[in-house]
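Residues in the sequence shown are numbered from 6 upward in steps of one, following the working numbering.
For each residue, glycine too, the CB sits at the ideal point set by N, CA and C.
The structure appears below as structure tokens.
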Amino acid sequence: MSERPFGVRLPMAVLCLLLLTGCGGPQSTFGAAGREASAIEGLLVVTVIGATLIWMVVVSFLVYAGDTRRRLRFSEERAQQLITWGGVVTPTAVLFVLLSYAVWSMPATRPWFDQQPPDLEIEVTGEQFWWRIRYLDKSGHVAFETANEMKLPVDRRIRVSLKAHDVIHSFWIPALAGKMDTIPGRTNSLWLEPTRVGTYRGPCAEFCGTSHAFMNLTAIVLSEDDFQTWHQNRVKRGSAGNDATRAFLLHGCAACHAIDGTNAKGLLGPNLTGFADRGRIGAGALTNTPENLARFIRDPAAAKPGVQMPAFPMIPTVEMDEIVEYLAGET
Ligand code: CUA
6 MSERPFGVRL PMAVLCLLLL TGCGGPQSTF GAAGREASAI EGLLVVTVIG
56 ATLIWMVVVS FLVYAGDTRR RLRFSEERAQ QLITWGGVVT PTAVLFVLLS
106 YAVWSMPATR PWFDQQPPDL EIEVTGEQFW WRIRYLDKSG HVAFETANEM
156 KLPVDRRIRV SLKAHDVIHS FWIPALAGKM DTIPGRTNSL WLEPTRVGTY
206 RGPCAEFCGT SHAFMNLTAI VLSEDDFQTW HQNRVKRGSA GNDATRAFLL
256 HGCAACHAID GTNAKGLLGP NLTGFADRGR IGAGALTNTP ENLARFIRDP
306 AAAKPGVQMP AFPMIPTVEM DEIVEYLAGE T
């Protein structure tokens, strides 16, 4: 052991603590904005503090025992006692306390124990590599569809039914709730109960192919009034009966993409209604600007490897401008 055992380690420990200050932002379990996430955060904090205390006690014993100047001597009986108490009784007691705490917090971390009906039902389907989001009406039918960005009312209980179209994905918005896989051929469910207005981010949390890293979801939690205004507008949009712009139809965009209230009714790709409000293109691949949109349409795979959308390098500039301008006005 060196002369000054903490000479290098102390600055390292301070550096690690400084790195922990990065544990925040829209995609963090710390700073929970949902009921389930708060319970998980509590469990995490208790576990980390407990583990740190235990670690400090064990390391203190180690340093004490390793001090050669002390020449410790234990009788065999003392050594047996140490093993019994330190190696059997204490870990069992600690695990029992942790388990009791986890079980106690279960009604909050697993809210399906709570049998009340939801205030809102949303169906989320994992696709390669984006999220199909369907808002259901009271009778369980699809009211409207959107993609990659979900708007939620604050202080309401929302049941999310999780499905998958192709491979296994995983739905996870750390600031709102825990993680749940979406599995082809089965429906899982998760409850969201946002407690704070704001924008939160969720990555797909199960490796699902080439563009797994570009499969992000944004949850925008709105006040009840703002949510109702948005929701009612979206429901009304369905019956508007407009034409999508000519270039959008001419180049086949409408074969895969729908824009509610127009004759663009494709179901294969993301629904583009309200596209201008979305922060990102391609579920996170690019920032939503007109230049990036044109770039994405010309060669989607350059920004998002493995994407199912074909490249459209042949669209003349004038018509590309028309499509981009049309989508930039799609609110
Ligand atoms: Cu979808 Cu990873």
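Straight-line spacing of the CA atoms in residue 99 and residue 47 works out to 17 Å. In terms of CA proximity to residue 214, 310 leads the group 322, 310, 321, 62. Here residue 284 is near residue 154, since their CB atoms are less than 9 Å apart. A Cβ-Cβ contact shorter than 9 Å links residue 290 with residue 219.
With respect to the 9 Å criterion, residue 79 and residue 67 are not classified as neighbours on the basis of their beta carbons.
Judged by DSSP in its simplified three-state form, residue 13 adopts coil rather than helix or strand.
In the three-state reduction of the DSSP assignment, residue 314 falls in the coil class, being assigned neither a helical nor a strand state. By the Cβ-count criterion, residue 196 is buried, with 16 or more other Cβ atoms from all chains shown falling within 10 Å of its own Cβ. Counting along the chain, no beta strand (DSSP E) covers residue 146, and no H or E run does either.
Residue 263 holds the alpha-carbon nearest to the alpha-carbon of residue 280 among 263, 229, 95. Counting along the chain, residue 54 sits inside the alpha helix (DSSP H) bounded by residues 40-71. It is roughly 21 Å from the alpha-carbon of residue 94 to the alpha-carbon of residue 70.
The stretch 130-138 and the stretch 165-172 touch, with no fewer than 3 CB-CB distances between them shorter than 8 Å.
Relative to residue 163, the option among 104, 238, 128 whose CA is nearest is 128. Take the alpha-carbon of residue 151 and the one of residue 104: they are about 40 Å apart.
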